[in-house]
Amino acid sequence: MTFIEFKDVKFVHQTGVTALDDVNLTIEKGELVGIVGENGAGKTTLVRHINGLLKPVNGSVKVDGQDTRNVSTASLARKVGIAFQNPDHQLFSDSVEKEVSFALRNFGFDQSLIDQRVTSSLEFFGLSSYRNSSPLTLSGGEKKRLTLASILAWDPEVVILDEPTVGQDAVQKEKLAGIARELHSTGKTMIIVSHDVEFLWLLQPRIVVMRQGKIVGDGPSIETMLDGEMLAGARVTQPQLIRLYESLSQRPAKPLLDVQEASSWLEREAV
Ligand SMILES: Nc1ncnc2c1ncn2[C@@H]1O[C@H](COP(=O)(O)OP(=O)(O)OP(=O)(O)O)[C@@H](O)[C@H]1O
Ligand SMILES: [Mg+2]
Numbered sequence: 206m207t208f209i210e211f212k213d214v215k216f217v218h219q220t221g222v223t224a225l226d227d228v229n230l231t232i233e234k235g236e237l238v239g240i241v242g243e244n245g246a247g248k249t250t251l252v253r254h255i256n257g258l259l260k261p262v263n264g265s266v267k268v269d270g271q272d273t274r275n276v277s278t279a280s281l282a283r284k285v286g287i288a289f290q291n292p293d294h295q296l297f298s299d300s301v302e303k304e305v306s307f308a309l310r311n312f313g314f315d316q317s318l319i320d321q322r323v324t325s326s327l328e329f330f331g332l333s334s335y336r337n338s339s340p341l342t343l344s345g346g347e348k349k350r351l352t353l354a355s356i357l358a359w360d361p362e363v364v365i366l367d368e369p370t371v372g373q374d375a376v377q378k379e380k381l382a383g384i385a386r387e388l389h390s391t392g393k394t395m396i397i398v399s400h401d402v403e404f405l406w407l408l409q410p411r412i413v414v415m416r417q418g419k420i421v422g423d424g425p426s427i428e429t430m431l432d433g434e435m436l437a438g439a440r441v442t443q444p445q446l447i448r449l450y451e452s453l454s455q456r457p458a459k460p461l462l463d464v465q466e467a468s469s470w471l472e473r474e475a476v
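The opening position of the sequence shown corresponds to residue 206 in my numbering, with each subsequent residue numbered one higher.
Structure below.
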């Protein structure tokens, strides 16, 4: 079922910069999509159209069958949660606890459920000890995690993470990958904007490649990540395991998905 639909979308920022140029994109309910592309390609501008923060100049964006021009931002916000690329643009409460509970309160959740969700969300993201601190006092990586905790606490139908791995250490990245897998397995629609191709490769999402406001590649991870020429044009590096695969004279049937798979193949095949 089509859940998100961009039709001939053009968007021009106030400065006159065309950030989206004739974008056509359809995302099904339950899909896991990674968006990659050079700085300034239009990735953030694109995802901001999904929760109605931005409206197209030409063309249309539909979410769950409704044109974002005809739906209130409040009702779209309930459906689509975006964790911003820059947490300083998102965080506004005077305590970590209030930051996570704000949307829950706004959406009319019961107080007991709010308490429960805030506690579990902060615990999960390792932020419990900062419950009463100001978000401004958190480290960069912690701020980023707080934006994720706030979004996931209210369980939106579409979860959009804009550069979620920036500033995250290895343990947190692993956790993030786990969350993405789990949400995807429960049928959540997820969009992850990221320059971190190694992180995306672990998740094997559908990959959409952007360049200068246009979509220049779209398909399964294996397909898109093998298209070196298209990726180079969009200034995206291929994941290491794709580069390894391409440099082998005798290759496995398809690129290897993780290091364990790669090492057992190499051990088996090494003569
Ligand atoms: N608020 C804004 N006002 C004016 N121009 C903007 C604004 N936000 C983005 N742009 C411009 O629109 C284009 C697309 O920006 P966008 O932030 O969507 O790119 P991006 O692909 O997310 O890049 P990055 O990888 O650096 O996050 C860029 O040329 C950028 O300079
Ligand atoms: Mg961006």
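Cβ coordinates follow ideal geometry from the N, Cα and C atoms, glycine included.
Strand pairing of residue i, partner residues [DSSP]
i	result
G422	V414
E233	T207
I365	I287 and I396
K212	S265
L225	F216
Buried/exposed call for residue i, threshold 16 Cβ in 10 Å
i	result
P261	buried
T391	exposed
P425	exposed
S355	buried
Q316	exposed
F297	exposed
E347	buried
D432	buried
Selection from the options that minimises the alpha carbon distance to residue i
i	options	result
V301	V323, D360, E434 and I209	V323
K248	L446, L407 and V421	V421
L381	A458, E362 and T352	T352
N229	R456, Q295, K267 and T342	K267
K284	R473, I255, S298 and E472	I255
L259	N291, V217 and D226	V217
P361	S339, L309 and F404	L309
Coil, strand or helix - residue i by DSSP
i	result
D293	helix
Q219	coil
D272	strand
G239	strand
P340	helix
N311	helix
V301	helix
R350	helix
Integer Cβ distance of residue i from residue j, believed to fall under 8 angstroms
i	j	result
G257	V241	Contact doesn't hold; Cβ gap of about 24 angstroms is too wide.
G235	T429	Wrong, their Cβ atoms sit about 20 angstroms apart, outside the cutoff.
D269	F208	6 angstroms
L408	A385	6 angstroms
V252	V398	6 angstroms
D367	I287	6 angstroms
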